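Scroll down for the structure; my scribbles are underneath it.
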Amino acid sequence: MAPNSFIVTLSCPDRPGIVHAVSGALLEAGCNISESRQYESRETGTFFMRVTVATSAPQEELEASLAPVAEAFDMKLGIFRDGERVRTLIMCSKDGRTLNDLLFQQRSGALPIEVPVIVSNHTELAPMAEFYGIPFVHLPVTSGTKAEAEAKLLALVEEHQIELVVLARYMQILSDDLCRALEGRAINIHHSFLPSFKGAKPYHQAHARGVKIIGATAHYVTADLDEGPIIEQEVIRVDHSKTPEQFVQLGRDVEGRTLCRAVQWHAEHRVLLDGMRTVVFD
Numbered sequence: 001m002a003p004n005s006f007i008v009t010l011s012c013p014d015r016p017g018i019v020h021a022v023s024g025a026l027l028e029a030g031c032n033i034s035e036s037r038q039y040e041s042r043e044t045g046t047f048f049m050r051v052t053v054a055t056s057a058p059q060e061e062l063e064a065s066l067a068p069v070a071e072a073f074d075m076k077l078g079i080f081r082d083g084e085r086v087r088t089l090i091m092c093s094k095d096g097r098t099l100n101d102l103l104f105q106q107r108s109g110a111l112p113i114e115v116p117v118i119v120s121n122h123t124e125l126a127p128m129a130e131f132y133g134i135p136f137v138h139l140p141v142t143s144g145t146k147a148e149a150e151a152k153l154l155a156l157v158e159e160h161q162i163e164l165v166v167l168a169r170y171m172q173i174l175s176d177d178l179c180r181a182l183e184g185r186a187i188n189i190h191h192s193f194l195p196s197f198k199g200a201k202p203y204h205q206a207h208a209r210g211v212k213i214i215g216a217t218a219h220y221v222t223a224d225l226d227e228g229p230i231i232e233q234e235v236i237r238v239d240h241s242k243t244p245e246q247f248v249q250l251g252r253d254v255e256g257r258t259l260c261r262a263v264q265w266h267a268e269h270r271v272l273l274d275g276m277r278t279v280v281f282d
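Reminder that position 35 of the sequence shown reads as 35 in the UniProt record's numbering, one-by-one numbering, no gaps.
Written out as C-alpha cells, the structure is:
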C-alpha cells in the first residue's frame, strides 16, 4: 500500500523526553520520518516541533498513537495531510496587485491553497475574480452596516469551510469580535513604516522624509491594529532618485512577495505561535 504523507506540528512546555516520546509514537504508527525541525523558546519555556512522516497507516491511527503523548506533555498537536490545499478566503478592496499575486501563485501551483470565494467592500476587482474563475461577493461596509457585513463574512467562512482568511489590501478595520473569531487563521499585509507613517499615502510620507528603506510586514490579525504576531518581513533599499510613485510600485511589489510567502508558510503548517511571536520552520 502506498504510504500516506503527514505533517505533525506540536508545542508544549519544554521538558526532557518529548522527542523520544513523539518518535516512539510515530514508530508505533509505522511512520518513517522524512523531515524534523524543533525549537525551544527560552523566553516562554515552550518546545516546538514540526515533523513530516510517511506511513501506510490512516490519519485516525496516527492520531490515536499520538494522543497519549499529547495528553502526557500537555501538547497543542496538529496532524495534517501533506500537500492538502488550505481553503482560503481572500478579502480585498480596490488595489488588485496583491490579490493578483496571490491568485497567480495559486494557479501556478506555488501556493498550496484553494480559493473558493473572494470578498470585497467594492466592486472594482470583480473582473479579476472572474478572470481566475472564482466567485466574487460584494459586501459593502459603512458605519451602519459593519456588524451585518461581518456577520455575512463569518457565514461565508462557515459555508465554504474556510481555514484561512487573507486580507490582500483590504482597506477596512475588522472589529475586535471578528478578529477574535478569526484568531490564528487570518493574515494581513501592510507597509513596514508603522507606526511612523500612518494614515493615507504612507509611501508619499516616507518619500517626503527621505527614507532609505521600504518594505512590508505580513502578520496574523489581532484586535490590536497591525500589531499581531509577525510571520514574514522584507525590506529593499531606495534613494533620493526615486519618485513617490516609484516608492508605491516598489512597495506593492514587496508587499505581494511578502504576503505570498506568509500564506505559503501558513498553508504548509510551518508557523507556530509563541505568544505574540511566531516560530517559522521555513
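All residues carry an ideal CB built from backbone N, CA and C; glycine is no exception. In this text the structure is predicted, and so the values were computed from the model without any measurement.
Span of the beta strand (DSSP E), counted from its first residue to its last, around residue i
i           : result
S138        : Residue identity differs from the one stated: residue 138 is His in this sequence, not Ser. Segment F136 to H138, the beta strand (DSSP E) holding H138.
T222        : Careful: T222 lies outside any beta strand (DSSP E) and carries neither H nor E.
R270        : No beta strand (DSSP E) holds R270; DSSP gives it neither H nor E.
M91         : V86 to C92
V280        : R277 to V280
residue 294 : Any question about residue 294 goes unanswered here, given that the chain covers just 1 to 282.
Cutoff 8 Å; reference residue i; Cβ partners in own chain excluding five residues on either side
i           : result
L66         : V8, V22, A25, L26, A29, L77 and I79
E130        : F136
residue 285 : Summary: the structure shown does not reach residue 285, with the chain confined to residues 1 through 282, and so no result is reported for it.
E268        : I7 and P112
L156        : L89, V117, V119, V137 and I162
G210        : H240
E40         : D14, T46, F47 and F48
residue 360 : Nothing about residue 360 can be read from this structure; the chain reaches only from 1 to 282.
R237        : K212 and I213
L154        : L178 and A181
Residue range of the alpha helix (DSSP H) that includes residue i
i    : result
T98  : R97 to S108
P244 : P244 to A267
H207 : P202 to A208
Own chain partners of residue i with C-beta closer than 6 Å, once the 5 adjacent residues on each side are dropped
i           : result
H122        : S93 and K94
Q205        : F197
H207        : P244 and F247
G228        : H219, Y220, V221 and T222
I134        : V115 and I118
residue 290 : Residue 290 falls outside the range modelled here, since the chain spans only 1 to 282, and no answer is possible.
Q38         : M49
V235        : I213 and G215
N32         : A54
H160        : P116 and V117
A57         : A29 and G30
V141        : N121, A149 and Q172
Cβ neighbour criterion (16 or more within 10 Å) applied to residue i
i    : result
G17  : exposed
G45  : exposed
V19  : exposed
S11  : buried
P68  : exposed
Q106 : buried
R180 : exposed
I118 : buried
M1   : Note that M1 scores 48 on pLDDT, short of 50, meaning its location in the model is unreliable; the coordinates nonetheless yield the value given after this. Burial call: exposed.
G109 : exposed
G144 : exposed
D239 : exposed
P13  : exposed
D74  : exposed
I173 : exposed
L52  : Note on identity: in this sequence residue 52 is Thr, with Leu being the wrong assignment. Flag for T52 reads buried.
P202 : buried
D177 : exposed
R42  : exposed
R81  : exposed
S192 : buried
Residues near residue i in its chain [Cβ-Cβ closer than 7 Å; skip 5 each side]
i    : result
D282 : W265 and R270
L273 : G184 and P229
E124 : K94
Mind the definition here: the segment 195-210 touches the segment 265-278 only if three or more C-beta pairs lie below 8 Å; say whether that holds.
no
If you pair each beta-carbon of the segment 207-226 with each one of the segment 245-256, do three or more pairs fall below 8 Å?
yes
To test your reading of the DSSP string, which unbroken alpha helix (DSSP H) runs of 4 or more residues are found completely within the UniProt domain "ACT" (7-84)?
18-28 and 59-72
Which runs of the beta strand (DSSP E) spanning at least 3 residues fall entirely within the segment 109-191, listed in chain order?
113-120, 136-138, 164-167 and 186-191
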